[in-house]
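Below is one structure, written out as structure tokens, with a few remarks after it.
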Amino acid sequence: MSKSKLSIGVIIGNRDFFPDSLVAKARTEIIDVFKKLGIPPVLLETTDTKLGGVETFKEAQKCAELFQRHRHEIGGVLVLLPNFGDEKGVADTLKLSNLNVPVLVQAYPDELSKMNVVNRRDSWCGKISVCNNLYQYGIKYSLTTAHVCSPTDKLFQKDLLDFVAVCRVVMGLKNVRIGAVGARPGGFNTVRYSEKILQRNGITVTTVDLSEILGKADKLTKDDAAVKQHLDAINSYAPKGKTPDEAMIQMAKLDVILNQYVEEYALDATAIQCWTSLQQNFGCNVCTSMSIMSENMLPSACEVDVTGTLSMYAMQLASGSPSALVDWNNNYAEDPNKCVLFHCGNWAKSFLPDIEISNAPILGTSVGVENTYGALDGRTPANPLTYGRISTDDPKGIIKAYVGEGELTDDPLKTFGNRAVAQINDLQGLMNYVCRNGFEHHVVMNASKTGAILEEALGNYMGWEVYRHNTK
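9 is the number of the first residue of the sequence shown in this note's numbering; add one for each residue after it.
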């Protein structure tokens with residue numbers, strides 16, 4: 009579902025004593041809107057039920073059967089209320105279809121000049137009744153920004169696109185497969201997590217020992233066709249800078265085996281042991297391979313940070329663009345609302361217009377700089393920012409998260425590695441929340457404004473404990 013364009017089921021609610029023309033017009037309007045926005049709809053034909061609407065139980069059965077036939081395509085359902093609608097018809101359709109997908113409830117506005125019997129809608133009231141029934145049935149649902157709005161309104165169309173993004177996140181997280189490559193580094197208790205809690209939420213973790221990856225990579229030679237192919241791909245991805253040819257070959261060999269592992273187990277994301285086994289036992293960093301995977305929408309996090317890469321995947325689903333794992337790393341001078349985001353060098357190319365393959369100086373102090381080539385160097389320029397983190401809280405037996413929005417700035421920053429300056433309102437309050445609630449020093453950034461989408465998907469539909477930082 010996460011790798012293909014999902015469809016949205018449409019239920020057009022109806023009440024027989026309201027004008028038929030309202031339902032007929034609504035069906036035409038929503039089809040036009042879906043076409044404009046590139047969203048495939050699944051809805052009843054006008055020959056299936058009266059005007060293609062849903063009112064009676066038999067009509068609910070027909071609509072549910074239609075949804076069942078398309079269950080592998082449908083990522084969410086839009087409830088359209090051109091009039092008061094039948095509250096039971098909507099709820100019964102969703103119950104019978106048993107899709108268990110996000111639901112968006114829309115209601116048309118009345119016009120003051122058309123409050124007569126021929127044109128009156130009463131959708132304002134009907135929406136409350138429909139939501140009341142959905143609540144009674146235990147069906148989770150989303151609301152439009154305005155209580156009533158026409159499908160032709162730009163505000164509704166933004167709501168609909170955001171809803172589709174919510175559906176992507178929910179469907180993606182319920183089926184995600186993450187590869188954990190190697191053991192958690194001994195010095196990183198911060199990236200502990202619960203596989204069992206994740207599995208209860210549909211998130212599968214597949215583990216492999218790092219020695220298996222390195223052993224297979226070590227058997228390859230520079231003359232192997234796969235190694236040559238991956239070396240060409242790496243050279244095309246980023247300038248090699250001063251990286252020695254020997255290190256480039258090691259990176260290519262490692263890249264071959266990692267990609268084979270991803271393909272063999274149909275993985276959506278990976279978390280890889282780096283610090284410091286790779287450098288000591290294989291003589292290079294895996295950052296470039298991780299960057300390439302993240303750029304290709306297969307997010308990869310270092311230090312076996314499984315919930316970190318899960319956070320990357322969620323943000324990627326919300327925005328449709330790559331994410332990056334970063335450290336909340338440094339203050340920025342005396343500004344309480346700015347900080348430095350940093351990592352050795354595995355951010356997706358989208359964040360690094362001045363990207364270059366380099367080494368990791370900090371890591372090099374303990375393992376030798378010559379063993380750290382493969383880290384990327386580059387500065388992220390000004391961009392919109394969504395940040396956040398998903399974590400398993402084992403003592404509570406829950407998954408929790410925080411999300412928020414800010415800006416990436418062009419403020420001066422003279423250092424190495426992958427780096428950025430972030431500006432976030434009430435940053436000190438956010439840091440207090442992160443520390444008091446036991447979150448990791450790793451956070452994820454995405455060049456988007458998708459905080460509301462993530463809050464809705466993770467909190468309302470996944471049922472996780474979500475804090476959205478107030479930046480107003």
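Note that beta-carbon positions come from the ideal geometry of N, C-alpha and C, so glycine has one too.
Looking only at DSSP bridge pairs, what is residue i linked to?
{"i": "A188", "result": "T215 and A279"}
{"i": "A430", "result": "C347 and L416"}
{"i": "R397", "result": "Y410"}
{"i": "D335", "result": "F350 and H450"}
{"i": "C310", "result": "I280"}
{"i": "Y381", "result": "A383"}
{"i": "S150", "result": "L112"}
{"i": "P49", "result": "I16"}
{"i": "N391", "result": "L416"}
{"i": "E119", "result": "Its beta-bridge partners do not exist; DSSP assigns none."}
{"i": "Y340", "result": "D343"}
{"i": "E95", "result": "Its beta-bridge partners do not exist; DSSP assigns none."}
{"i": "E473", "result": "K408"}
Take residue i and list the residues in its own chain whose beta-carbon comes closer than 6 Å to its own, dropping the five residues that flank it on each side.
{"i": "P247", "result": "E364"}
{"i": "K11", "result": "Low local confidence applies: a pLDDT of 44 at K11 is under 50, so the model's placement there is unreliable, with the coordinate-based value given in what follows. Excluding positions up to five away in sequence, the list is empty."}
{"i": "H450", "result": "D313, G316 and L333"}
{"i": "H78", "result": "V50"}
{"i": "A465", "result": "V174, V177 and V178"}
{"i": "Y245", "result": "I300"}
{"i": "P159", "result": "E37, I38 and V41"}
{"i": "T417", "result": "A390, V429 and Q431"}
{"i": "A225", "result": "K261, L262 and I265"}
{"i": "A460", "result": "none"}
{"i": "I338", "result": "Position check: residue 338 holds Asn in this sequence, whereas Ile was assumed. Taken in chain order, the residues that qualify are V348."}
Identify the continuous beta strand (DSSP E) that holds residue i and give its terminal residues.
{"i": "N478", "result": "Looking at the DSSP string, N478 is not in any beta strand (DSSP E), and its letter there is neither H nor E."}
{"i": "I20", "result": "S15 to I20"}
{"i": "L112", "result": "V111 to A115"}
{"i": "S299", "result": "Careful: S299 lies outside any beta strand (DSSP E), inside the alpha helix (DSSP H) at C295 to E303."}
Starting from residue i, follow the alpha helix (DSSP H) in both directions and report where the run begins and ends.
{"i": "A234", "result": "A233 to Y245"}
{"i": "R176", "result": "K162 to L181"}
{"i": "E364", "result": "Note, E364: premise wrong, no alpha helix (DSSP H); beta strand (DSSP E) at E364 to S366."}
{"i": "P369", "result": "P369 to V375"}
{"i": "K261", "result": "D253 to E272"}
{"i": "A129", "result": "First, the residue type needs correcting, since residue 129 is Arg and not Ala in the sequence shown. Note, R129: premise wrong, no alpha helix (DSSP H); not H, not E."}
{"i": "F26", "result": "Run containing F26: none; DSSP gives neither H nor E here."}
{"i": "M439", "result": "L435 to R444"}
{"i": "E499", "result": "Lying outside 9 to 480, the shown extent of the chain, residue 499 is not represented and no answer is given."}
{"i": "K204", "result": "E203 to R208"}
{"i": "N1", "result": "Because the chain is modelled from 9 through 480, residue 1 falls outside the range shown and cannot be assessed."}
Leaving out five residues on either side along the sequence, give the residues of the same chain with a beta carbon under 8 Å from the beta carbon of residue i.
{"i": "S358", "result": "E303, S329, P330 and A455"}
{"i": "F75", "result": "G17, V50, I82, V85, T101, S105 and L107"}
{"i": "Q324", "result": "M305, P307, P330, S331 and N454"}
{"i": "L151", "result": "L112, V113 and C139"}
{"i": "F65", "result": "K96, G97 and D100"}
{"i": "W132", "result": "A115, P117, D118, H155 and V156"}
Spatial neighbours of residue i within its chain, please: CB distance less than 7 Å, with the 5 preceding and 5 following residues excluded, ordered by chain position.
{"i": "E203", "result": "V213"}
{"i": "L222", "result": "N289 and F290"}
{"i": "K96", "result": "N141"}
{"i": "E63", "result": "N22, R23, D24, D94 and G97"}
{"i": "L104", "result": "A68, Q69 and A72"}
{"i": "M259", "result": "I242, C292, T296, S297 and G382"}
{"i": "E342", "result": "none"}
{"i": "L438", "result": "G412, I432 and H477"}
{"i": "F424", "result": "P369 and D385"}
{"i": "L239", "result": "M256, I257 and A260"}
{"i": "K457", "result": "P392, T394 and E413"}
{"i": "A274", "result": "R185"}
{"i": "T504", "result": "Residue coverage of the chain in this structure runs from 9 to 480, which leaves residue 504 outside it and unanswerable."}
{"i": "P252", "result": "Y381"}
Where are the alpha helix (DSSP H) runs, 4 residues long or more, that stay fully inside the stretch 57-89, in chain order? Those alpha helix (DSSP H) runs which fall completely within the stretch 57-89 and span 4+ residues are 65-77.
I'd like to know if the stretch 373-387 and the stretch 285-301 are in contact, where contact means that at least 3 CB-CB pairs between them fall below 8 Å. Touching, yes.
| Within the chosen definition, does the stretch 299-312 reach the stretch 267-286 through at least 3 CB pairs nearer than 8 Å? | Inter-segment contact for the stretch 299-312 and the stretch 267-286 is present: three or more beta-carbon pairs are separated by less than 8 Å.
Would you be able to state if there are at least three C-beta pairs under 8 Å between the stretch 43-60 and the stretch 102-111? They do not touch, by the three-pair rule.
Exercise. Evaluate contact between the stretch 81-93 and the stretch 128-139, counting only Cβ atoms and requiring at least three cross-stretch pairs below 8 Å.
Key: As far as the Cβ criterion goes, the stretch 81-93 touches the stretch 128-139, which means the pair count is three or higher.
If contact is defined by three or more beta carbon pairs under 8 Å, each pair taking one atom from either stretch, is the stretch 231-241 in contact with the stretch 256-271?
The stretch 256-271 makes contact with the stretch 231-241, as at least three CB pairs between them are under 8 Å.
The stretch 441-449 touching the stretch 394-413, judged by at least three CB pairs closer than 8 Å:
These segments touch.
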